[in-house]
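Visitor: Once you've had a glance at the structure underneath, I'll fire off some questions.
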Amino acid sequence: MDRTSARDSTSAPDAWEELVTSALLGTARRTPPGIEPGPEAPVALLDAAAVETVRRRAGLRPARAAQRPQPAPEDPRPGLPAAAGRRLAMLLADRPGTGGGGGRRGTAPDLMELLPQWLAAANTHGYAAPPQLLPALLDAARGRTDLRPAALAFAGSRATWLARLNPDWRFALRATPGGGTALPPAQDTAGIRLLWEEGLFAERVALLAAIRAREPAAARELLATTWATERAEDRLMFLDSLRTGLGPDDEPFLEQALADRSRNVRATAAELLSALPDSALAARMAVRAGACVAVDHTQDTPTILVEAPHECDSGMERDGVVAKAPSGRGERSWWFGQLAEAAPLGGWPGRLGGRTPAEIVALPVADDWRNELHAAWCRAAVRQRDAGWARALLGTPAAPEAGGPGAVSLAERAKLLGTLGSAERAEWVAGFIATHGLSEAFQLLGVCGVPWAAPLGRAVVDALNIARDAGSYPWSFSGMMGLAERCLDPAEAGRLEGLMAVPDEREDASPGAGGYWAEAFQRLVTTLRLRAAMAEELEGT
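Counting from 89, one number per residue, gives the positions in the sequence shown under my numbering.
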């Protein structure tokens, strides 16, 4: 059979599938109908495939022309200064180095690590993103979730416009409340009611959050209109929005939510009520927790006694106490911890002899209840934003043990520090570093304001200098050095110049460590100067 007849014989509707199957298996094992086995079979197969491809393409009907997309919305914000625009292009073009985690990085700054800070500063100035850089900006945010909030705020409404045209940027629709849908203005009560009753879930969440931010009572009243008909998972999300602007006026609604049929909704309502020290729930918890704690004056030193509850009754469960303890945890200690966490901290001084929080925390606790009691007080201090109790539980940063009398972990200390003002927070962490070094300070530094206050910056640099003088390699401090590059005040660059020289190495020092430290400090100084230049560019100077 010649090639023409082969092409004619493979024109059935299933011809293409037959050709593909033969090509996958090989013509030595299978040939399509009309093609004879033999050395010419592969060539005949390719000819038949070429003819079928032309036939398939020629048989396609022209598609209907797609509707042209609507123009991108205008961005009324001012444009970037020219120098700042060029800088952004450089930051977006840079790619992270390969040695940032544990090896030698050289002296060049890591530009991608400066992008979050640059975006935050640009948003503070209220600039609009250059249109030509939006694709690169969205690509960067696609690869790094930590960039998304600042990147999308900087990109503005054009980000959602582009995301509807490119599936790779779909995260911008998910990250934007309501998927980028424009919400009705505050005065459009009919439009608000219609969107609340008929909108998509994301649109309703965005609407409730927007109203709660500007008028808490109106948001709560809107939620109450459909509360009884909402699904449990939706009620939970909606209830969570009441954290914004939480106040005494929310108590009646939250008290009703304590009777919700969903356990998660009840737990969230109880948590919110316990954050209101004057609420009825907080008072009930104070009575329960107070009945478990007393001071024993019969010993030489007054000692706190704890008698945990023997049961979790229905009233406790209604007020948010979870009856079933986690695996490996005793039931009574589990119940007691929840009661002490939810009780108002302001009531403990009266209950415990008029002592101050610091004096209460300093008291010994009998029968190994100390950690449980102090941990509950830590959680209460964070929930109730009580700086006085947070200070007492943190203790002095120079304590012999790396922490205060009540903090049980670095995570607890970091949360307690979050209740203090920025200056006090920085001063405490600086004292901690001066006493305990950098090994445990990384998590604590994460809650400090940027740029670091001068005492904190000096403490970090002094600790790095001590590590250099000890003769070790800088690689074990690469994470701390990277944090310093992003968080030190750029004004510190001049003071650090003396550290860029290669020091005289001690006999017991690691070979070449001095040179590596010099590189690390050179990169630090270079990065600080670059950050200073970035700030000037955004100022337009």
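The beta-carbon is built from N, C-alpha and C at its ideal position, and this holds for glycine as well.
The model shown is predicted, which means the values in this text are computed figures rather than measured ones.
Give me the Cα-Cα distance between valine 622 and glycine 244, rounded to the nearest whole angstrom.
Guide: A quick correction: the sequence has methionine, not valine, at residue 622. Cα to Cα, the separation comes out at about 21 Å.
Visitor: Of the choices Glu303, Ala551, Arg281 and Ala251, whose alpha-carbon is the least far from that of threonine 314?
Guide: If we check each option's Cα against that of threonine 314, Arg281 comes out closest.
Visitor: What are the boundary residues of the alpha helix (DSSP H) that alanine 154 is part of?
Guide: Unbroken run through alanine 154: none, as it is neither H nor E.
Visitor: Give me the Cα-Cα distance between cysteine 575 and glutamate 359, rounded to the nearest whole angstrom.
Guide: In a straight line, the C-alpha of cysteine 575 is about 34 Å away from that of glutamate 359.
Visitor: Can you give, in chain order, each stretch of the alpha helix (DSSP H) that sits fully within the segment 535 to 621 and has at least 4 residues?
Guide: You should have 542 to 557 and 566 to 575.
Visitor: Isoleucine 280 by DSSP, collapsed to three states: which one?
Guide: Helix.
Visitor: Under 7 Å Cβ to Cβ from glycine 191, same chain only, skipping five residues before and after it: list those, please.
Guide: Residue placement at glycine 191 is flagged as unreliable, the pLDDT there being 44, under the threshold of 50; a coordinate-derived value is accordingly withheld.
Visitor: Tell me the DSSP bridge mates of valine 139?
Guide: Looking at the DSSP assignment, valine 139 forms no beta bridge with any residue, so it has no partner.
Visitor: Please indicate yes or no: does the CB of phenylalanine 609 lie closer than 6 Å to some heavy atom of the ligand MN?
Guide: Of the ligands one can find in the structure shown there are none, so the ligand MN has no counterpart to examine.
Visitor: Do leucine 250 and tryptophan 284 come within 7 Å of each other at the CB atom, strictly closer than that value?
Guide: Cβ distance not < 7 Å, so tryptophan 284 and leucine 250 don't count as in contact.
Visitor: Along the beta strand (DSSP E) that carries valine 381, what are the first and last residues, could you check?
Guide: Segment 381 to 384, the beta strand (DSSP E) holding valine 381.
Visitor: Using C-beta distances below 7 Å, list every residue in its chain close to threonine 389, excluding the 5 sequence neighbours before and after it, in chain order.
Guide: The answer, listed in chain order, is Pro452.
Visitor: Does the Cβ of glutamate 573 have 16 or more other Cβ atoms within 10 Å, making it buried, or fewer, making it exposed?
Guide: Under this definition glutamate 573 is a buried residue.
Visitor: Would you kindly work out how many angstroms separate the C-alpha atoms of glycine 603 and methionine 588, rounded to a whole number?
Guide: Each residue's alpha carbon lies about 9 Å from the other.
Visitor: Hey, threonine 523 and proline 197: beta-carbon distance below 7 Å or not?
Guide: Against a cut-off of 7 Å, the Cβ pair of proline 197 and threonine 523 comes out as no contact.
Visitor: Identify which residue in Leu107, Gln155 and Arg149 has its Cα closest to the Cα of alanine 132.
Guide: Nearest of Leu107, Gln155 and Arg149 to alanine 132, Cα basis: Leu107.
Visitor: Which partner residues of threonine 391 appear in the DSSP bridge assignment?
Guide: Partner(s): Asp384.
Visitor: Contact criterion: CB-CB distance below 7 Å. Does leucine 180 meet it with respect to chain C?
Guide: Looking at the structure shown, chain C is missing, and only one protein chain is on hand.
Visitor: DSSP three-state call for glycine 335: helix, strand or coil?
Guide: If DSSP states are grouped into helix, strand and coil, glycine 335 belongs with coil.
Visitor: How is valine 108 classed by DSSP in three states: helix, strand or coil?
Guide: Helix at valine 108.
Visitor: Rounded to whole angstroms, what's the CA-CA distance from glycine 483 to glutamate 447? Just pull it up for me.
Guide: If I take the Cα positions, the gap works out to 11 Å.
Visitor: Alpha helix (DSSP H) containing valine 293: first to last residue?
Guide: 289 to 302 is the extent of the alpha helix (DSSP H) around valine 293.
Visitor: Once the 5 residues before and after alanine 454 are set aside, which same chain residues still bring their CB inside 8 Å of it?
Guide: Counting only Cβ-Cβ distances below 8 Å, and skipping sequence neighbours, we find Asp384, Thr391, Ile392, Leu393 and Val394.
Visitor: Would you mind sorting glycine 408 into buried or exposed? The rule is 16 or more other CB atoms within 10 Å of its CB.
Guide: Classification for glycine 408: buried.
Visitor: Tell me the residue span of the alpha helix (DSSP H) that contains glutamine 531.
Guide: It spans 530 to 533 - the alpha helix (DSSP H) in which glutamine 531 sits, taken as one unbroken run.
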